[in-house]
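Presented below is the structure to which this report refers.
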Amino acid sequence: MPEFDRFTLAIVDDIYDREQASDGHSRYGAYLAQHADDFHDGGEPLGPVDFAAVAWSVATAPVMVPGYVAVRPDVYPLTVHRDYEGRAVLSAKVGLRHRDLTRRPDSRFRPLDWERDPWGRHDDPWPVLVGPELTDRPAVLVAATLLVPVPDGILLRPTAARPGRTLTHEAKQVVAALAAHANSALAPLVDDLLGGAR
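Mapping to our numbering: the sequence shown position 66 is 130, numbers consecutive.
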């Protein structure tokens, strides 16, 4: 499992990608080929924003497991999408426990809260939070969605509309830039929201 820290939300693993490739070149490339129809619009290559969104989607869970890009487990989903003005945006969802809130639910009602995934490691600093099993009490599950714009300079216009080494290279290039941007621009917001520790 990749080693995450406070300021690392996404890790690209080229070594694993190459070692596990059925074609000897890229496991991610094989997944891109399986999603070939997503990479063109009427036979033409996608624009930079749509290309980034599709390349990221294929590179991460649930499409690739493990993903070409590993995402810190407490930040899910971490996606790329087009905003209403047509710009690329990174979006992360983070579960917040009642103790993280300035104003907490009234303790007289004692609503249930997020719980650590019982199948996860108990010493994991980035635990996956899951909803509780409802009994006779309600639950208040709070999540924050963080958004950061993606600079146009890290996007690229693909030159290929069909799977192959060129599309794989270009997809890897944009995905690596998006992961770096998530770590530099989004991770500090997540860290500040969570108070520096889980």
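Backbone N, C-alpha and C fix where the C-beta goes; we use that ideal spot for every residue, glycine too.
Handout entry: First and last residue of the uninterrupted alpha helix (DSSP H) at residue 159
Key = The sequence position of residue 159 within the sequence shown is 95, counting from 1. Here residue 159 belongs to no alpha helix (DSSP H); instead the beta strand (DSSP E) covers 152 to 160.
Handout entry: Buried versus exposed call for residue 8 [16 or more other C-beta atoms within 10 Å across all chains shown]
Key = Nothing can be reported for residue 8: it is not among the residues displayed for the chain, which extend from 65 to 262.
Problem - Rounded separation between residue 112 and residue 198 - CA only - result: On the sequence shown, residue 112 is found 48 positions in, with the first residue counted as 1. On the sequence shown, residue 198 is found 134 positions in, with the first residue counted as 1. The alpha-carbon atoms of residue 112 and residue 198 are separated by roughly 44 Å.
Exercise for the section: Rounded to whole angstroms, what's the CA-CA distance from residue 158 to residue 258? Just pull it up for me. Expected result: Residue mapping note: residue 158 aligns to position 94 of the sequence shown, counting from 1. Residue mapping note: residue 258 aligns to position 194 of the sequence shown, counting from 1. Residue 158 and residue 258: Cα-Cα distance of roughly 9 Å.
Exercise for the section: Output the distance between the C-alpha atoms of residue 262 and residue 190, rounded to the nearest integer angstrom. Expected result: Here the question's residue 262 lines up with position 198 in the sequence shown. Here the question's residue 190 lines up with position 126 in the sequence shown. With a pLDDT of only 49 at residue 262, under 50, the local geometry of the prediction cannot be trusted, and the value read off the model is given with reservation. For residue 262 and residue 190, the distance between alpha carbons rounds to 7 Å.
Exercise for the section: Assign residue 248 to one of two classes, buried (16 or more other C-beta atoms within 10 Å of its C-beta) or exposed (fewer than that). Expected result: Here residue 248 refers to the residue found at position 184 when the sequence shown is read from its first residue. That one is exposed.
Problem - Spatial distance of residue 133 from residue 235 (CA atoms) - result: One-based indexing of the sequence shown puts residue 133 at position 69. One-based indexing of the sequence shown puts residue 235 at position 171. Cα-Cα distance, rounded: 12 Å.
Problem - Every unbroken beta strand (DSSP E) within the region 205 to 234, with a cutoff of 3 residues, ordered by chain - result: 206 to 213
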